[in-house]
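Residue numbers (the numbering used here): 3 to 248.
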């Protein structure tokens, strides 16, 4: 299974996912949510073991392609991965779902994070900038991302790509965003959701899981493209110059 098997056997990460899902249901151990989202961010953006970083993915996608063709390729390849993960999770039905679900949460959001970060990188944004990384995470909640960023005073991304000094958010703001993202993320995969009643049916659950995860990733891709709009040539030059100075 390649990437999927690597993520499913990352015991620390999958344990965090289990704890975070429990926290979402009971309201206890809020630190588990933050730890889970930090895992999405670190593995999704920077890569780990056989899982390539977002920069590597962006570089490969850009070969002999225009920026927007590269974006389409990135989205298509990550939707395929999400489809496989959703199918495998629901395939065994109710017997395997409680065990597979935490790994599915991890897989889906690591894939979604890398996709979003790769889109940002291809379009010229510095994904090592803390503010950009925070915006990448916020895109995971789709249409709610604007409200989430607004809660810590982050408006449109205009100008963030070309500034010479990376903006550092107060740790309290970063923590508030990561916890909010974590709560929304695991709630989507809650065993109580109507979608998972369908996934609990062997065979049919695999098809429904694949469809649901593929559809959800498409929505995140739309948010990612809106969050990191294409830069003009002037902005791209300024962004490249700023990144070299960091």
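Backbone N, C-alpha and C fix where the C-beta goes; we use that ideal spot for every residue, glycine too. Here the structure is a predicted model, which means the values were calculated and not measured.
Output the boundary residues of the alpha helix (DSSP H) element that contains residue i.
i	result
residue 177	173-190
residue 47	33-48
residue 150	147-152
residue 52	Careful: residue 52 lies outside any alpha helix (DSSP H) and carries neither H nor E.
Do residue j and residue i have their beta-carbon atoms positioned less than 9 Å apart in this structure?
i	j	result
residue 183	residue 142	yes
residue 104	residue 159	no
residue 190	residue 218	yes
residue 82	residue 146	no
residue 175	residue 157	no
residue 64	residue 51	no
residue 38	residue 107	yes
At a cut-off of 8 Å, is residue i close to the ligand NAP when judged by its beta-carbon and the heavy atoms of the ligand?
i	result
residue 119	Here there are no bound small molecules, and the ligand NAP is not part of this structure.
Can you find the residues in the same chain that come closer than 6 Å, C-beta to C-beta, to residue i, ignoring five residues on each side of it along the sequence?
i	result
residue 85	212 and 216
residue 42	111, 112 and 115
residue 40	none
residue 153	none
residue 49	55
Between the options, which lies nearest to residue i when the distance is taken from Cα to Cα?
i	options	result
residue 136	69, 52, 107 and 170	170
residue 57	38, 157, 34 and 123	123
residue 110	120, 88 and 125	88
residue 68	172, 125 and 149	125
Note down, in chain order, each residue of its chain lying with its Cβ closer than 8 Å to the Cβ of residue i, except the 5 sequence neighbours on either side.
i	result
residue 36	177, 180, 181 and 184
residue 47	55, 56, 115, 116, 119, 129, 135 and 138
residue 242	126
residue 70	232
residue 66	none
residue 196	Its pLDDT being 47, under 50, residue 196 is placed unreliably in this model, and the value from its coordinates should be taken loosely. None.
Using a Cβ-Cβ cutoff of less than 7 Å, which residues in the same chain neighbour residue i once the five nearest sequence positions on both sides are dropped?
i	result
residue 194	Bear in mind that a pLDDT of 43 at residue 194, under 50, signals an unreliable position, so the model cannot answer this.
residue 59	76, 116 and 120
Q.
Under 8 Å, with one C-beta from each stretch per pair, do the region 68-84 and the region 128-139 reach the 3-pair mark?
A. no
Q. Does the region 221-228 come within contact of the region 138-155, defined as at least 3 CB pairs closer than 8 Å?
A. yes
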